[in-house]
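Chains as they are written, first to last, in the working numbering: chain A, 239 to 447; chain B, 71 to 412; chain C, 77 to 511; chain D, 11 to 204; chain E, 25 to 219.
Note that the Cβ used here is the ideal one computed from N, Cα and C, for glycine as well.
Read the structure below first, then the notes.
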Amino acid sequence: MSNQASLGTLIRNGVLMENPIFRLALSLCPTIAVTNKLKNGFMMGIAVLFVQVMVNLTISALRKFIHPRIRLPIFMLIISGWVTVVDMLMAAYARAVYKEMGLYIELIVAFASILARAELFASKNDVMPSFMDGIGQGVGFLVALCIISFFRELLGLGSLWGHAFVATKPLLIMILPTGGFFAVGILMAFFNWIDIRFFGGSGASGAAH
Amino acid sequence: MEATKKEHYLVVSVSPHVKSEETTSRIMWTVSLALLPAILSGLYFFGLKALFVTVLCILSCLVFEHLYMKVVDKTSVVSDGSAFLTGLLVGMNMPASLWSFSPFEVHIPIIASLVAIVITKQLFGGLGFNIFNPALMGRAFILICWPRPMTIWLHPTSSFLALDAKTTATPLGILKESGMTELMKVFGDKAGLYQHLLTGNVAGSIGETSAIALLIGGLFLLYKRYITWHIPVSFLGTVAILAWIFGGKEGLFTGDPIIHLLSGGLMLGAWFMATDYVTSPSMKKGQIIFGIGCGGLTMLIRLKGGFPEGVMFAILLMNCFAPLLDRGVKSKVFGLRKEAAK
Amino acid sequence: MGTATFKGGIHPPDKKELSAHSPITGAKPPKIVVIPLSQHAGAPCKPLVSIGQEVKKGEMIGEPGGFVSAPVHSSVSGKVIAIGEFQNAMGRMVNSVVIENDMKDEWTALKDSPDYMNLSADELKEKIKAAGIVGLGGAAFPTAVKLSPPKEKPIDAVVINGAECEPYLTADYRLMLEKPKEIVEGLKILMKVLNLEKGYIGIENNKPDAVAKMKEATAGEAGIEVLSLEVKYPQGAEKMLIKAVLGREVPSRGLPMDVGVVVQNVGTALSIYEAARFGKPLIERVVTVTGEGIREPKNLMVRVGTKISELVEECGGLKDEVAKVIAGGPMMGFALSSLDVPVTKGTSGILVLPEEGIVHAEDFSPCIRCGRCIDVCPMGLMPSMLSLLAEKGHYEDCKEYNLFDCFECGSCTFVCPSKRPIVQLVRVAKSMVKP
Amino acid sequence: MTPKDIVKITLNLVVIYVIGGLILAGVYAKTEPVKVRKAYEEKQAALKDMMPEANSVEKLGVWEPHDKEAEYYAAKKDGKTIGYIIETYAKGYSSYINMLVAVNDAFTVEKLNILDQKETPGLGDEVQQPYFQKQFKGKTLAHLVVRKLPTKVDIEAVSGATISSRAVTEDGVKKAVEMIKDKLSSEVKNEQSG
Amino acid sequence: MEFGKLFELVIAASLINNFVFTRFLGLCIFFGVSKKMETAVGMSITFTSVMMISAALSWLIYFLIMIPLHIEFLKIVLFIGVVAAFVQTSDTIMRKVSPGLYYKLGVYLALISTNCIILAVPLINAEQGYNLIEALAFGLGSGLGFALALIIMASIREKLELAEVPRPFKGLPIAFVTTGLIALAFTGFSGLITL
Ligand SMILES: Cc1cc2nc3c(=O)[nH]c(=O)nc-3n(C[C@H](O)[C@H](O)[C@H](O)COP(=O)(O)O)c2cc1C
Ligand SMILES: Cc1cc2nc3c(=O)[nH]c(=O)nc-3n(C[C@H](O)[C@H](O)[C@H](O)COP(=O)(O)O)c2cc1C
Ligand SMILES: Cc1cc2nc3c(=O)[nH]c(=O)nc-3n(C[C@H](O)[C@H](O)[C@H](O)COP(=O)(O)O)c2cc1C
Ligand SMILES: Cc1cc2nc3c(=O)[nH]c(=O)nc-3n(C[C@H](O)[C@H](O)[C@H](O)CO)c2cc1C
Ligand code: SF4
Ligand code: SF4
Ligand code: SF4
Ligand code: SF4
Ligand code: FES
């Protein structure tokens with residue numbers, strides 16, 4: 239990705255073409271673990287967005303200063319620092335959500351997608367593009383989480399953001415593990431289908447890991 | 071001689087030039103036939119409602135299979151009988167109570183059929199490629215989605231047209247929740263219980279209750295060599311042994327294996343569902359391990375787990391291991407000794 | 077039941093009654109013979125004649141082109157009218173000598189040896205070699221080569237293969253009924269050449285009269301044993317035969333000589349006797365012309381090079397317009413695209429299936445993993461996996477499933493309920509990878 | 011690695027650690043009190059909610075249902091004990107069900123509040139529904155039994171979830187009431203004898 | 025009794041609360057390396073051992089250093105540091121001591137250090153307040169459960185290679201659906217042990 243790429247392209251890439259979840263199959267754990275409710279999915283997305291942006295900012299700002307030999311450990315340190323910040327903030331101010339998905343917030347630290355962006359983009363670019371890249375990536379993640387959790391909550395609980403539409407639970411399994419895997423699998427297939435059908439793509443999603 | 075040559079049209083194909091009469095569809099239809107005694111017994115005890123549910127499942131499966139083939143532009147092979155058999159088995163695994171329109175519950179068997187045919191079978195490449203037993207996956211799916219309707223059992227009545235909905239618990243349900251004494255209270259004595267279990271005069275899924283009818287069908291398949299003894303015998307044997315050792319309340323070796331053998335979905339599962347070619351290992355040694363695994367998991371769930379009945383989950387869990395068993399157990403190649411293997 | 081056998085195998089309807097009761101008769105002398113110079117496994121022959129040359133019956137017309145090869149002789153007396161590429165039964169073009177029969181049946185001078193049993197092993201082997209004898213059981217492997225095992229592989233038994241397990245075929249059966257003595261003599265020659273004490277004759281027990289005849293013929297012969305074998309295809313495949321008769325397992329991808337055995341077909345044994353006793357080269361063989369699609373099934377003594385169309389004609393012609401004509405048996409034979417091809421040393425039968433007996437290979441369905449093919453494979457392979465891997469182009473992976481142990485007997489394909497062309501797929505895979 | 015590199019790396023590490031440590035410590039200092047305060051408030055609110063008429067709740071002690079730590083409290087109004095609130099765990103169908111039980115000074119159940127459970131959605135988790143929890147008000151020890159048929163006197167099971175219902179009623183509430191009754195009477199005894 | 029408890033812990037961690045099928049941890053690696061049996065087995069071995077050792081290491085750090093110093097809030101930073109450092113060290117040691125083993129398993133080590141599951145075990149141990157033995161048992165159970173999931177999945181995916189999966193579902197989507205179905209089968213274990 240060159241520096242000339244416009245900021246808009248950067249965001250579009252993150253949200254659509256290189257969506258960490260549907261196209262790259264990265265950072266899958268929270269994708270399934272917290273997406274049984276729209277609210278949880280959204281909060282997770284926000285948390286990741288925040289971390290990604292802050293990490294990109296920090297790293298691009300410090301990139302000239304960091305010695306290449308200890309690049310990766312420093313990156314990890316920075317990421318875990320920001321995750322800790324988010325973790326503490328949520329523990330204090332978003333307690334209900336945090337109680338349900340605290341572990342997965344802490345696990346943001348190990349998201350391959352965050353480290354990958356830091357390494358591939360932020361460590362080579364200026365603050366502003368890195369910021370935009372972070373937004374693009376983070377929003378992509380957020381959108382994916384919202385799509386998945388939208389379907390799962392709607393089908394599984396018959397509600398959205400906690401507001402029930404029907405008295406029954408239409409397809410309870412959707413909020414259970416099986417439903418999470420189904421939702422991601424079927425959405426991935428759907429994007430592949432679009433790719434094949436309208437863009438003549440190969441439909442092969444997923445770089446390993 | 072020139073004339074002879076001109077007159078004749080010679081068909082050329084590769085050897086062998088003769089083939090056996092057996093076909094895939096004949097196998098599927100014969101297995102369906104072997105299920106006839108059990109389904110008749112189900113209809114006898116659960117009446118018109120059972121008929122309704124079973125037919126609904128069969129039709130849904132056939133329709134979904136056909137529609138899927140149309141959507142993906144393949145030639146529909148509904149006549150091969152495998153979708154019919156799947157539908158029949160889905161139906162036989164449903165409680166007859168699902169016939170109800172109010173509360174509206176007839177969508178449940180339809181969704182089971184959808185999951186069976188489209189998700190479990192066709193998404194994986196269709197006949198021959200599915201990893202999991204379609205009928206059982208369909209059932210597991212709806213059990214999780216609608217646990218309440220799926221655990222409401224009609225009382226077996228002999229009146230075919232009865233539309234009342236008297237419900238009761240299954241023998242295994244009673245055994246799990248209240249223990250043997252309660253079971254004896256309901257059925258009088260052991261002999262009475264065995265008799266009920268054999269004939270099918272107990273609550274349960276439509277096609278699972280009559281052990282004797284299922285046994286007849288299973289032995290028929292065995293006789294026709296459509297299945298081999300390996301899976302049923304190792305499955306049932308493991309259940310019997312474990313039930314005897316761990317099934318008793320008074321300590322080890324005091325359990326009653328017969329109750330466990332005759333009740334629940336065991337007979338249906340061991341003879342007709344664990345033996346599904348597609349989802350079980352193809353080597354005999356693998357099949358025996360598969361059967362033992364099914365038996366062990368069944369008893370683990372029945373005795374220790376959260377569900378009163380474990381056959382369905384046991385078979386599905388072992389389905390996960392079938393490809394592994396096929397990979398691990400290979401045939402003994404003629405003239406190839408272990409150390410000689412290159 | 078005590079009858080010897082192997083693991084696996086199938087029981088196709090044997091249909092032998094169509095021709096079992098018709099004695100071997102000489103086929104009408106052909107007007108023209110087309111004699112391929114490559115009728116055997118191994119190097120083709122070099123022609124010894126030229127166009128226009130007169131040849132006698134039994135005269136050598138092609139000399140061996142290498143160590144694994146066998147000479148070819150004229151089966152008629154007459155004039156060479158062409159030498160060139162002609163189609164053979166497998167549909168391949170092979171170099172052949174065409175001879176016009178002058179109907180005089182003049183033999184070349186043959187070397188008679190009434191005291192053949194006193195000849196040395198090497199002399200006998202030389203006679204067999206000169207007579208151009210190859211295995212008549214199928215692969216047409218030069219017999220003299222088989223009889224020269226390397227030193228490190230001592231041979232201790234010879235087995236005469238009278239199984240004739242392919243459905244329909246009755247050539248070996250009629251030979252055993254009609255020429256038992258000669259076959260036993262052939263066996264004794266084999267034992268002498270290989271310096272053996274023991275010889276066996278294995279016959280499937282659906283031919284009790286042949287078993288009885290051979291027992292009678294071997295009465296009083298020390299060291300020769302006649303065994304009746306379970307009726308099961310492919311009992312006659314040499315690895316299975318050796319397992320059944322001697323209980324030995326030829327190692328994977330090995331040869332019978334690896335377990336000290338030589339296997340020869342009954343027809344081969346007869347030819348060996350005739351070569352040793354009369355010096356007669358291999359110019360004719362028994363061919364069963366049979367099947368529901370032919371009017372008069374027969375067992376004929378046919379000269380090598382006779383066109384198959386002539387045999388069909390002699391047996392009353394085809395019944396249907398559409399038919400399948402097979403050189404060999406129904407399990408392993410080749411379907412002919414033309415009847416205008418010659419009988420060779422390896423042609424054991426001509427089978428005509430009528431229109432309604434033809435199974436179409438095109439409409440097959442996915443493997444349902446029923447395991448029937450695994451149960452019947454005599455080699456203990458997993459044909460289901462082989463066919464699936466080959467179908468999807470994973471040829472290399474076929475080797476993990478012992479692709480090259482398959483000898484294409486067709487048992488798996490016979491039983492498959494999904495009608496999968498397993499053998500064909502195996503052949504494709506074999507052609508795509510190196511062993 | 012040149013000495014210059016080593017210096018730079020050390021500098022790197024020191025700077026990052028110091029800055030990072032400062033930021034984290036700062037956030038920690040800001041959020042931790044909030045977290046602690048909120049947790050405390052939530053707990054107080056929950057306890058208060060159990061006994062609305064009480065104006066203070068006092069911790070009495072700790073007990074260990076199913077080896078898990080749980081507290082019990084005295085609810086006071088104007089210094090006078092009007093009831094007790096007990097936290098407990100019950101062994102349910104697939105999880106331990108965490109709940110608060112409030113009893114008045116006659117050991118009649120005032121209120122039940124299920125705090126946390128992971129029972130089967132759609133079945134066992136119905137015990138969280140108000141219609142089930144409301145049944146407990148006014149029940150004495152003798153009536154803390156589960157019936158599968160409609161009942162006004164005892165506790166009616168959630169249909170299809172007898173195990174969870176029983177767990178809440180018999181393993182949870184009943185044991186909690188028995189425990190508090192026991193503890194208090196033995197205290198009384200102790201006081202009398204001491 | 026103590027032993028029985030530990031056994032329950034191992035069973036619960038490996039089957040009932042299987043990392044992949046019910047806890048949704050380590051999914052990137054799970055989908056990434058389950059394509060071929062060989063890699064799945066290599067990963068399983070590496071994984072189970074790393075899991076146990078890092079459980080022990082982080083337990084020591086948490087209970088002997090962090091709690092006394094009241095710096096629990098740094099647990100994310102410290103755990104990832106410790107685990108990454110440990111993985112890095114074993115990488116170096118393995119390369120020197122046993123190049124053969126390194127050749128086989130080295131690549132998995134590298135994958136593990138950036139994986140969420142490696143952090144999950146210490147975090148859950150800390151949250152549950154397990155003692156050292158329990159923490160080890162939990163690490164073992166989680167590792168075994170993950171290994172089981174990987175190996176099952178690899179055998180299934182190798183089989184699916186030959187199947188006519190509809191094109192949009194080829195590759196990862198069908199792997200997800202498969203995992204969903206396995207997870208459904210694994211619900212059979214629910215209620216086995218109350219957690
Ligand atoms: C599947 C199969 C079946 C065979 N059946 C017979 C048989 O029934 N009789 C026979 O003589 N040869 C049969 N053969 C050929 C034998 O394996 C063997 O090559 C032959 O007996 C050797 O004798 P020959 O060299 O004299 O032909 C069969 C081969 C195969 C692969
Ligand atoms: C390449 C090749 C080499 C062979 N070499 C020998 C040999 O050295 N000695 C021997 O006894 N048979 C040898 N055979 C013959 C086989 O043992 C077998 O009899 C022959 O292939 C007939 O096969 P059939 O079973 O299809 O008729 C050889 C066969 C082939 C194809
Ligand atoms: C999928 C499934 C989940 C279940 N979950 C629960 C549960 O969470 N709580 C419970 O008490 N019973 C549960 N059960 C039912 C019990 O096994 C048992 O059948 C039930 O408690 C009997 O209650 P009933 O007599 O009211 O039907 C479940 C059953 C199934 C099939
Ligand atoms: C012996 C036998 C048992 C079968 N059992 C089942 C079964 O339990 N469930 C099912 O959906 N189909 C069953 N089938 C039908 C068929 O194999 C199944 O639809 C395939 O799994 C579809 O690929 C069975 C077929 C046979 C021959
Ligand atoms: S079919 Fe083959 S093996 Fe069987 S008898 Fe004929 S030539 Fe021999
Ligand atoms: S089938 Fe196999 S053994 Fe028989 S001739 Fe052909 S290659 Fe040789
Ligand atoms: S053709 Fe090959 S795979 Fe099939 S049965 Fe014969 S030897 Fe086995
Ligand atoms: S016989 Fe045919 S359907 Fe059966 S396993 Fe073999 S190849 Fe598959
Ligand atoms: S997010 Fe858990 S392994 Fe990638």
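T98/D has M109/D as its beta-bridge partners, per DSSP. A186/B is not a Cβ neighbour of T238/B, given a cutoff of 8 Å. For N430/A, the chain E residues whose C-beta falls within less than 7 Å of its own C-beta are P192, P197, listed in chain order. Beta-bridge partners of M426/A (DSSP): none assigned. Identification of residues in the segment 197-230 of chain B having a C-beta nearer than 7 Å to some C-beta of chain A yields F211, I214, C215, given in sequence order. Looking from the CA of D90/C, the closest CA among F483/C, N271/C, Y249/C belongs to Y249/C. In chain order, A80, E81, L110 place their CB closer than 6 Å to the CB of E97/D, counting only its own chain and leaving out the 5 sequence neighbours on each side. Ligand 8 has no heavy atom closer than 7 Å to the beta-carbon of V401/C. Around the CB of I124/D, 16 or more other CB atoms lie within 10 Å, so the residue is classed as buried.
Boundaries of the alpha helix (DSSP H) around W99/B: 94-104.
Put simply, the segment 408-423 of chain C touches the segment 377-388 of chain C. At least three CB pairs are less than 8 Å apart. Rounded to the nearest whole angstrom, the CA to CA distance from L312/B to P393/B is 26 Å. At a beta-carbon threshold of 7 Å, the residues of chain A lying near I100/E are S318, V321, T322, D325, E344, V347, ordered along the chain.
For S347/C, the uninterrupted alpha helix (DSSP H) segment begins and ends at 342-354. By the CB criterion at 8 Å, V109/C and V131/C fall outside the cutoff. About 3 Å separates the beta carbon of L287/A from that of G376/A, a gap short enough to meet the 8 Å contact definition.
Look at the beta carbons and you see the segment 188-208 of chain E touching the segment 410-420 of chain A: at least three pairs across the two are nearer than 8 Å. Here A295/C is exposed: its Cβ has fewer than 16 other Cβ atoms, across all protein chains shown, within 10 Å.
A straight-line Cα-Cα distance of about 7 Å links A285/A and V324/A. The Cβ of I40/E sits no closer than 8 Å to any Cβ of chain A. Not one heavy atom of ligand 4 lies closer than 7 Å to the C-beta of V381/B. Within the segment 409-431 of chain A, the residues whose Cβ lies closer than 7 Å to some Cβ of chain B are L409, L410, I411, L414, listed in chain order. Taking non-hydrogen atoms of ligand 7 into account, the C-beta of I318/C is found less than 7 Å away from none of them.
Under the Cβ criterion of 8 Å, F383/B is not counted among the residues facing chain C.
Within 8 Å of the CB of F97/E, the CB atoms of chain D belong to L34, Y38, E42, in sequence order along the chain. Going by DSSP, I157/E is part of the alpha helix (DSSP H) stretching over 156-184. Not a single C-beta of chain C is nearer than 8 Å to the C-beta of L174/E.
Going by DSSP, N123/D is part of the beta strand (DSSP E) stretching over 119-126.
The alpha-carbon of R390/A is positioned some 10 Å away from that of I270/A.
A straight-line Cα-Cα distance of about 36 Å links I77/E and G365/B. Beta-bridge partners of W73/D (DSSP): A80/D.
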